[in-house]
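Undergrad: So that we are looking at the same thing, I have put the structure below in structure tokens.
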Amino acid sequence: MAQGVQLLAWLARQTDPVPVREIVDAFSLSQSPLSHHLAALARTCFVTAEKRGPTPSPRRP
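The sequence shown runs 4 to 64 under the numbering used here.
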């Protein structure tokens, strides 16, 4: 769960949408655990997903 809190704090500092690939690289996570973290954040409205190209980019609402 600590990674989820770190992810939330990192996303809160972003001013523009962030590609999922950039988050994967920044946190050294594989796509699957990251998707679970982002889905949980989206369910609670901390982030939204916006599809741009092949992968969605999470955004703060």
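Note that beta-carbon positions come from the ideal geometry of N, C-alpha and C, so glycine has one too.
Take HIS40 and list the residues in its own chain whose beta-carbon comes closer than 6 Å to its own, dropping the five residues that flank it on each side.
TA: GLY7, LEU10
Undergrad: Note down the Cα distance separating SER33 from THR18, rounded to an integer number of angstroms.
TA: About 24 Å.
Undergrad: Alpha carbon to alpha carbon, how far is ILE26 from PHE49? Give it in angstroms, no decimals.
TA: 16 Å
Undergrad: If I'm right that ALA45 touches THR51 with Cβ under 8 Å, what's the distance once you round it to whole angstroms?
TA: 7 Å
Undergrad: Enumerate in chain order the residues of its own chain whose CB-to-CB distance from PHE30 is below 8 Å, with the five nearest sequence positions on each side excluded.
TA: GLN6, GLN9, LEU10, TRP13, LEU37
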